[in-house]
Amino acid sequence: MRVCFQIISFFLAVNFYCQPLRAQDPSCCHHAAEFSPCKEACDQLATIKSESRLKHLLQRLPSYCPELMNELWTCINSTLPGVSRKSDGWVGLGCCELAISAECRRECRQASSKNDITKVCKKVTENSLYSCITKNEMGSTCCSYAGRHTTCREYCQAIFRTDSTPTVSQINAVKEYCQSHSPQLLGCVSNFTKSYPIRSPIDSLHCCDRAEATHCQVACRRILRTMSTEHEIMEGLIEECGSQPLPQEPMWQCFLGSAHPPSPPEEETPHPAKMDCAKLHCCSKANTSLCRDMCQEISTNWGSQTWQDFDQLCEYNPVETELINCLADVREPCQLGCKELGYCTNFNNRPTELFRSCNVQSDQGAMNDMKLWSNGTIKMPFMNIPVLDIRKCLPDMWKAVACSLQIKPCHSKSRGSVICKSDCMDILTQCGDKKRFHEGQTPERICELLSPVDDPERCIPLHRYLTPSSLGNSIVEEVIHPCNPNPCPSNHVCQVNRRGCLDDLHCQPYICVPGCKLGEASEFLVQQDSRIQVPTRSGPSGCHEVCSCGVSGRLENCVEMPCVDTDKPCSVAGQRKSHGTSFRMDCHVCSCFAGDTICSKRQCLGLNSSEEDRRRFTGLPCSCPYHFIPVCASNGRTYPSACVARCMGFKDQQFVFGVCRLTLPCSSKLCQRNQRCIPKYRVCLSDASDCLQYECVGRPPACDKSSVEPACDTDGLVYPSVCQLQQAGKNLAYMGHCQDACKKPQQVCGHNGETYSTVCDAFSDRVAVDYEGSCIAVGVSDGGPDSACSEISCPPLSTAGCKPITPPGACCPICAAMLQILWNKEQMNTFSKLNKNQPVTVRDVLLILRLHVSVPQCDVFGYLSINHELVVLIAPVDQQPTPLQIEACSMEAEKIYSLINYASPTLVSHVPLSAFLSSEIQTSSIHSSGGAPPSPLPPGLSLLLGLLVAAGPVLQQL
């Protein structure tokens, strides 16, 4: 028998080679016992064709084949030069795919140690790679103590393979299987889990302030923000500050004093070390007081042991689904897209599906789980499930289970990682080892605990992942995900680059923005300068404070908000509704907030309406007539008539006739002599302060050159920022790069009822276009006649076969996804007062929501409807979007819809989004029959393709 090994020499060779082996010596693997894990792992070497996968298996081979197997290792070392069974081998191979640059990934795959990659893989930009290597090094050291005990080694490696917090079940499994074999391993793992998560260097920024010399303070901050290892930081500080680390010097005393910084005085920050404000947001969602108390304990005191009880009693409790999903959002937010997996390949090429953990570590984790399960027992924190040989009994389904639980698809209504009950029943009925079931164990009872639901919108249907994706590579590239995986350093937030670049040579589809963690123990980041609502350290549920993310990388300048009585219910039609509950009354969407019932202000035509009511019904607020005689109200919103403005609560002295954007706010002398008055049109959601439509600016002596947000002046010249435009004495036309299509004024009507001089002007205001020309009509809600828009000529849809939606107040249908959001004005007023009486505007909200859309092929638009709901559109930016791009925008909308309705801290911790109460969603889809491409448009409509006017070139730069 001749066995052809397609093997890469572990360190030196790059090309495949085949080595014929004689029948009496078929391979090195004959030195391993038949049917042993070592024999199986060794035999895999003959079948692997991927260089990186082969190297990874060779690196893991000592886990399966102990060092005591001298004959085997002698054979392997002589056959594959450079392979080492020592624990100090190259452990970074499994991390190579995390490298951002292709050159670094290539160098990493060919390296034999960390030193081989330092010249190509810069630690400043390849933070994720080096963090993974460091973790693997720790895992390699700890797990080497397992010796020949394979099961102990496997459970040890499970601690280090994941990129999230090690679970109690993983730690308990190590204790159970390793305590009698290796106390050293237990101690090593314990040291790692106690220090998890590993602190970022920026957590020590406060030490820089203790340096006596100013230049040393500046250098210290730069070093901590750009270097990642202790050795680099120490060397850099010694060189820049010109002193040795002496314990009597304040700065060095701070660095060397303890592993964690001392708690700052109360006046510096209201948050103690080890707090996790992101998780603390979730605690109010607990259904039981026990889990609520334990959640608060583990969120405010990371060092406590309560989290182990919490994992046992709450993490797997079906009653606590809402709490569990909220915590999952904080740990691993749902993100679109999955690709480049080597084991869970059926999950690849899915750019419009949501996953929590599509990465190399989870892929490897699924493969490890399958190996552990093949031992015949699936170990859970609260039960063991005996199974038959899963390599023979439904292996594809077991693989789909392992991959689903590791990669975690999240569907819009559940966001949980639970397989459907019917799948659970099928797989345990056929593959459960009933002879070894404990007393009372049946597939039905097991699945009732593990997978209590069978609604495909609330559980993971395995059939979806039993076959590969139907999409080809060329189609998949129509939708990209620049921030998945995250290419930024651990203390930076990744954002889609929608501003474009002035220097196209170094233009990336993403930008890395400095951020803040929501507490010492938190991994959840928010961008610098953002305002964040966090629960107070003490006090009942409903007490929050608003903080800002400062340049120090910490939350600061916190101000307490009035507490909200979350225990106070609402009484609705004789029924009690608890705080946070959303419901419908006739056509209204309502929500209970601290005892107050807040509802939309839609015009309803009830079933019991009189004939007179039906005759007078127009669909407009207060059944106002269709006359379009616009007025500008004090909130900066244009209403189609005085009747509608009065119906929305404005008194006559609070509005003037005319369109808001055609008023001249700077016609009076409003600013000081050394300042310029610049129109700043905005629609305000708060009314606790004036909604001024202008701002006074001086000519700044210097502009921040690092802040790049292109702006176009009225002469058609682009500037790196508004500051530099104003410094040149020019007038702003619109934000973004100058567009040839917008050189000549060509009026368009936005969904907000405003007439814009160009489409670029509308888009820079985050408003999508309804039709060409000035605004002359307003659309009506369902139930009214179509006469209000009868004179409007609507453009054709952007994509043939699209099933469109029509936004409230619009005349023309569009191909996009839409959210209609109910919000709390009192909360908006509170945020305004806490922010020095600065008004909260629609644009503020849209720019924050825009950060949550991770696909650059989709963008966010919106407006305040005449019924005072916030309408948000998530639409494709291409002129003729593909079905996949339309689907991606719909999924982005569903993601945000879910985050709003479940009050996920990943969204509602952002001020002012925390004033959102509930949301409704409508999405566009493409008819399966498709259709012919759209016919060429007449010149007058060449700018208008459905929603997006010349959207491709314009939107990508606005």
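For the sequence shown, the residue numbers in mature numbering (1 follows the signal peptide of the UniProt record, and there is no 0) are -23 to -1, 1 to 935. Note that CB positions come from ideal geometry on N, CA and C, so glycine has one too. As the structure is a computational prediction, the values presented were derived from the model and not from experiment.
Classification of residue i by the beta-carbon crowding that lies within 10 angstroms, buried from 16 upward
i, result
"tyrosine 320", "buried"
"leucine 823", "buried"
"valine 395", "buried"
"residue 936", "As displayed, the chain neither begins before -23 nor continues past 935, which places residue 936 out of reach and without an answer."
"phenylalanine 169", "buried"
"residue 936", "Because the chain here runs from -23 to 935, residue 936 falls outside it and cannot be looked at."
"proline 882", "buried"
"glycine 596", "buried"
"tyrosine 41", "buried"
"glutamine 552", "exposed"
"threonine 406", "exposed"
"leucine 826", "buried"
"aspartate 2", "Reliability fails at aspartate 2, whose pLDDT of 36 lies under 50, so the model's placement of it is uncertain and the value that follows must be treated cautiously. Burial call: exposed."
"isoleucine 851", "buried"
Alpha carbon of residue i to alpha carbon of residue j, nearest angstrom
i, j, result
"valine 848", "phenylalanine 627", "21 Å"
"alanine 10", "cysteine 315", "38 Å"
"proline 438", "valine 725", "46 Å"
"methionine 204", "alanine 255", "26 Å"
"serine 181", "valine 195", "14 Å"
"cysteine 303", "leucine 884", "11 Å"
"histidine 258", "cysteine 493", "16 Å"
"cysteine 291", "methionine 252", "20 Å"
"asparagine 326", "alanine 610", "49 Å"
"glutamate 84", "aspartate 93", "8 Å"
"glutamate 522", "lysine 646", "38 Å"
"proline 687", "methionine 712", "6 Å"
"phenylalanine 414", "aspartate 544", "45 Å"
"leucine 702", "histidine 714", "12 Å"
"serine 425", "serine 381", "According to the sequence provided, residue 425 is glutamate. The question's serine does not apply to it. C-alpha separation (whole angstroms): 19 Å."
"serine 912", "isoleucine 791", "Note that serine 912 scores a pLDDT of 35, beneath 50, so its modelled location is shaky; the value from the coordinates is reported in the next line. Near 17 Å, if we compare the C-alpha coordinates of isoleucine 791 and serine 912."
"histidine 440", "cysteine 540", "47 Å"
"glutamine 87", "glutamine 273", "47 Å"
"cysteine 197", "lysine 682", "23 Å"
"threonine 118", "threonine 128", "16 Å"
Delimiting residues of the alpha helix (DSSP H) encompassing residue i
i, result
"tyrosine 874", "860 to 878"
"isoleucine 301", "298 to 308"
"arginine 198", "191 to 203"
"isoleucine 825", "819 to 827"
C-beta atoms of residue i and residue j nearer than 8 Å
i, j, result
"asparagine 468", "threonine 615", "no"
"residue 948", "proline 598", "Any answer about residue 948 is impossible in this case: the structure gives the chain only from -23 up to 935."
"arginine 514", "threonine 277", "yes"
"alanine 892", "glutamine 804", "yes"
"valine 757", "alanine 765", "yes"
"valine 660", "leucine 479", "no"
"valine 633", "arginine 653", "no"
"cysteine 397", "cysteine 436", "yes"
"cysteine 155", "alanine 188", "no"
"alanine 793", "serine 901", "yes"
"isoleucine 404", "leucine 443", "no"
"cysteine 668", "cysteine 700", "no"
"glycine 518", "serine 895", "For the sequence presented, residue 518 should be read as serine rather than glycine. Contact flag unset, no."
"glutamine 383", "glycine 342", "yes"
"leucine 318", "alanine 263", "no"
"valine 453", "proline 328", "yes"
Opening and closing residue of the beta strand (DSSP E) in which residue i lies
i, result
"valine 746", "746 to 749"
"isoleucine 384", "First-last for isoleucine 384: 372 to 384, but that is the alpha helix (DSSP H), not the beta strand (DSSP E)."
"phenylalanine 838", "835 to 841"
"valine 536", "532 to 537"
Residue i Cβ short of 7 Å to the ligand FAD heavy atom set
i, result
"lysine 96", "For the ligand FAD, the structure offers nothing, since it holds no ligand at all."
Below-8 Å beta-carbon distance, residue i vs any chain B residue
i, result
"proline 227", "The structure shown contains no chain B; it is built from a single protein chain."
Would you call the stretch 784 to 804 and the stretch 837 to 851 touching, i.e. three or more CB-CB distances under 8 Å?
yes
Any chance the stretch 852 to 872 sits against the stretch 803 to 820, with 3 or more Cβ pairs inside 8 Å?
no
Mind the definition here: the stretch 732 to 740 touches the stretch 775 to 785 only if three or more C-beta pairs lie below 8 Å; say whether that holds.
no
Please confirm if the stretch 326 to 342 is in contact with the stretch 71 to 82, defined as three or more CB-CB distances below 8 Å between the two stretches.
yes
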